[in-house]
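Under mature numbering (1 follows the signal peptide of the UniProt record, and there is no 0), the letters of the sequence shown match residues -25 to -1, 1 to 85, in that order.
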Amino acid sequence: MASRAPLLLLVGLLFLWAELPDVSSLLLDICKLPPEPSRCRGHFIRFFYNPAAKRCKKFVYGGCRGNKNNFLTQVECLQTSIGQTCRVKKGDLGEGGYGVAHAPQVFRTP
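Below, the structure written as structure tokens:
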């Protein structure tokens, strides 16, 4: 009599596979997020993907917080908004854009 272990292992794996959540439910389409200018006082031109217009548009970003639908260039926005690359893990949203520490600054000496 052949061992039933491989068959039981296969049935167990199939059962576990059926219990896995749908991957699409774990992803958030960042291209559907609205632009978030932020309350900070910076004035940086950024781009966000507008799904209604199906193109990237400019907005003024304050320099902190925001969300992931915030791109430095129109090219970066377009490259990200094509296909499935516009999706990130829901838990990986964090603070979007670039913080004030990453913003280009100009200092003048008296």
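Note that CB positions come from ideal geometry on N, CA and C, so glycine has one too. As the structure is a computational prediction, the values presented were derived from the model and not from experiment.
Host beta strand (DSSP E) of residue i (start-end)
i, result
"residue 91", "Lying before the first or after the last residue shown, residue 91 is absent from the chain, which here runs from -25 to 85."
"residue 25", "19 to 25"
Contact belief for residue i with residue j at Cβ below 8 angstroms, rounded distance in angstroms
i, j, result
"residue 52", "residue 34", "Not confirmed; about 11 angstroms, so no contact."
First and last residue of the uninterrupted alpha helix (DSSP H) at residue i
i, result
"residue 51", "49 to 56"
7 angstroms Cβ shell around residue i - same chain, five flanking residues per side excluded
i, result
"residue -3", "Reliability of the predicted coordinates at residue -3 is poor, the pLDDT of 49 falling under 50, and no value is obtained from them."
"residue 100", "Examination of residue 100 is not possible in this model, given that the chain is present from -25 through 85 alone."
"residue 20", "33, 35"
Spatial neighbours of residue i in its chain, beta-carbon cut-off 8 angstroms, leaving aside the 5 residues before and after
i, result
"residue 56", "6, 24, 31"
"residue 15", "37, 38, 39, 40, 75"
"residue 26", "6, 7"
Beta-carbon contacts of residue i that lie in its chain and below 6 angstroms, excluding the five residues immediately before and after
i, result
"residue 13", "37, 39, 40, 41"
"residue 47", "none"
"residue 74", "A caution first: residue 74 carries a pLDDT of 43, below 50, which makes its placement in the model unreliable, though a value can still be read off. 39, listed in sequence order."
"residue -18", "none"
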